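Asks: Heads up, the sequence shown is in numbering that gives the first Met the number 0, so the first residue is 0 and it goes up one at a time.
Every residue gets a Cβ at the ideal spot worked out from N, C-alpha and C, and that includes glycine.
These numbers come from a predicted model, not from an experiment.
Please read through the structure below; I'll follow up with questions.
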Amino acid sequence: MDCQPRNLQGIMVSKKDKGRPLAWLVALSGALVVFLSGAYLVYGKVATQNLDGLVYSQQPSGQSLGEALGPTTLEDLQGPASFNLAEVGGLAGPTPSTLGLYPGPLMPFNSWVEPWLASAPPTDDSEFVRGFLPAPKELLSGVGMLPAATRIWIPSIEVDATVKGLAIRELENSREYETPDQVVGHIPTTGNPGEAGRGWYFGHLETPLRNEGSVFRDLPRIPGLLRQGERVLIVLESSTGNYLYEVYATNVVYKTELRVTDSGESEITLVTCIPALVYDYRLVVTARLVGVRPPV
């Protein structure tokens with residue numbers, strides 16, 4: 000008579016033992032979620048604290064629109080930090096008389112103190128600036144009068160991408176622009192190349208989940224390039240020719256504070272979401288028209 004209770008107790012203990020691994024798994028999963036959530040919050044806080052380094056402003060260098068008296072040349076568009084390797088030591092290579100102990104002539108002057116931090120030599124952008132002419136203000140067209148851009152080049156950060164007008168999506172209670180998929184998206188109601196109005200262009204920093212590309216992944220490098228004395232040039236192509244812009248300002252704004260505005264000048268603004276994995280802020284890069292090259 001006393002065997003049955005002992006068997007029942009054994010069955011109960013056996014079920015309890017089988018349930019322990021599942022309980023441990025649930026507990027470990029919960030702890031992992033808590034750890035990852037905490038790590039993400041810490042990363043987000045640290046990443047957003049370093050965004051001030053992406054803010055930069057300067058007056059556009061060179062001649063203003065309408066003041067240039069002749070064609071824009073490579074020398075006009077490259078700053079004193081640029082150099083031509085072919086001119087250092089001659090085309091045949093360095094000789095004992097041209098060799099020096101210090102590489103000062105081969106790098107921007109503002110890198111002499113800490114030469115090990117100097118970036119690579121400026122990108123050769125001669126192909127991008129050859130043949131550009133000044134664009135006087137009085138010849139600029141009103142917004143909506145010229146064709147939209149079809150392609151964008153930023154040689155300093157190796158961007159070569161298609162430009163597409165963003166369509167408006169109808170939601171339940173609102174409307175919004177579609178996100179650019181593998182392209183740079185242009186808001187159609189803003190300025191086109193060569194017009195007296197600011198054009199707004201959007202691109203992804205990265206899209207690990209939606210797989211819509213990362214065309215502006217290196218856009219955060221631009222403030223650092225400007226601080227090093229390098230000019231950052233942008234070329235927009237349309238059916239009426241190529242339009243050359245020079246970056247003169249970068250800024251960071253919170254996502255809900257971004258406003259699409261018009262300066263009345265022939266400018267473009269590039270926008271991407273930052274920082275990586277957080278995307279709560281927007282990096283805003285602004286450039287001004289400095290030259291036009293008619294179609295061939």
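1) Which residues in the same chain as R220 place their Cβ atom closer than 6 Å to its Cβ, once the five residues preceding and following it in sequence are excluded?
2) CA-CA distance, A148 and D51?
3) Is the beta carbon of L145 closer than 7 Å to that of T285?
4) Kindly indicate the opening and closing residues of the beta strand (DSSP E) around R287.
5) Within 10 angstroms of its Cβ, does V259 collect 16 or more other Cβ (buried), or is it exposed?
6) Nearest to V142 by CA position, among P293, V289, L288, G263, is which residue?
7) Starting from I151, trace the beta strand (DSSP E) both ways and give me its first and last residue.
8) Just how far apart, CA to CA, sit V277 and T255?
9) If you check the beta carbons only, do D261 and G196 fall under 7 Å apart?
10) Ignore the nearest five residues each way along the sequence and tell me which others in Y253's own chain have a CB closer than 8 Å to its CB.
11) Which same chain residues end up closer than 6 Å to N241 when comparing Cβ atoms and leaving out the 5 residues on each side of it in sequence?
12) If you reduce the DSSP assignment to three classes, tell me which class G52 lands in.
13) When you compare only the Cα positions, how much space is there between R287 and G198?
14) Which value, in whole angstroms, describes the spacing of the CA atoms of T188 and N49?
15) For L301 and V128, which I take to be in contact (beta-carbon distance under 8 Å), what is that distance rounded to the nearest angstrom?
16) Using a threshold of 7 Å, state whether the C-beta atoms of S237 and P192 are closer than that.
17) How about I267 and Y247: do their beta carbons lie closer than 7 Å?
18) Please report the straight-line C-alpha distance between R212 and V182, rounded to a whole angstrom.
Replies: Taking the structure as given:
1) Against the sequence shown, residue 220 aligns to sequence position 221. So the qualifying residues of the chain are I156.
2) Numbered from 1 along the sequence shown, position 149 holds the residue referred to as residue 148. Numbered from 1 along the sequence shown, position 52 holds the residue referred to as residue 51. Cα to Cα, A148 sits roughly 31 Å from D51.
3) The residue given as residue 285 occupies position 286 in the sequence shown. The residue given as residue 145 occupies position 146 in the sequence shown. The Cβ-Cβ distance between T285 and L145 does not fall below 7 Å.
4) By 1-based counting over the sequence shown, the position of residue 287 is 288. Element bounds for R287: 280-292.
5) Counting from 1 along the sequence shown, the entry for residue 259 is found at position 260. The residue in question, V259, is exposed, as its Cβ has fewer than 16 Cβ neighbours within 10 Å.
6) As a working mapping, residue 142 is identified with position 143 in the sequence shown. Of P293, V289, L288, G263, the residue nearest in Cα terms is G263.
7) The residue you call residue 151 lines up with position 152 of the sequence shown. 150-153 is the extent of the beta strand (DSSP E) around I151.
8) Position 278 of the sequence shown, counting from 1, holds the residue named residue 277. Position 256 of the sequence shown, counting from 1, holds the residue named residue 255. Spanning the two alpha carbons is a distance of roughly 14 Å.
9) Locating residue 261 in the sequence shown gives position 262, counting from the first residue. Locating residue 196 in the sequence shown gives position 197, counting from the first residue. For D261 and G196, yes; Cβs fall inside 7 Å.
10) Taking the first residue of the sequence shown as 1, we reach residue 253 at position 254. So the list reads D279, Y280, R281, once near-sequence residues are dropped.
11) Here the question's residue 241 lines up with position 242 in the sequence shown. Cβ within range, chain order: V234, R292.
12) As a position in the sequence shown, residue 52 is number 53, starting the count at 1. It is helical.
13) Working through the sequence shown from its first residue, we reach residue 287 at position 288. Working through the sequence shown from its first residue, we reach residue 198 at position 199. Their backbone Cα atoms lie some 10 Å apart in a straight line.
14) Position 189 of the sequence shown, counted from the first residue, corresponds to residue 188. Position 50 of the sequence shown, counted from the first residue, corresponds to residue 49. If you take the alpha carbons of T188 and N49, they lie about 33 Å apart.
15) It is not possible to answer for residue 301, since the shown part of the chain is limited to 0 through 295.
16) Residue 237 sits at position 238 when you count from the first residue of the sequence shown. Residue 192 sits at position 193 when you count from the first residue of the sequence shown. With contacts defined by Cβ atoms closer than 7 Å, S237 and P192 form a contacting pair.
17) Against the sequence shown, residue 267 aligns to sequence position 268. Against the sequence shown, residue 247 aligns to sequence position 248. No. Outside cutoff.
18) Stepping through the sequence shown from its first residue, residue 212 is reached at position 213. Stepping through the sequence shown from its first residue, residue 182 is reached at position 183. Correcting the residue identity first, residue 212 is Gly in this sequence and not Arg. Cα-Cα distance, rounded: 8 Å.
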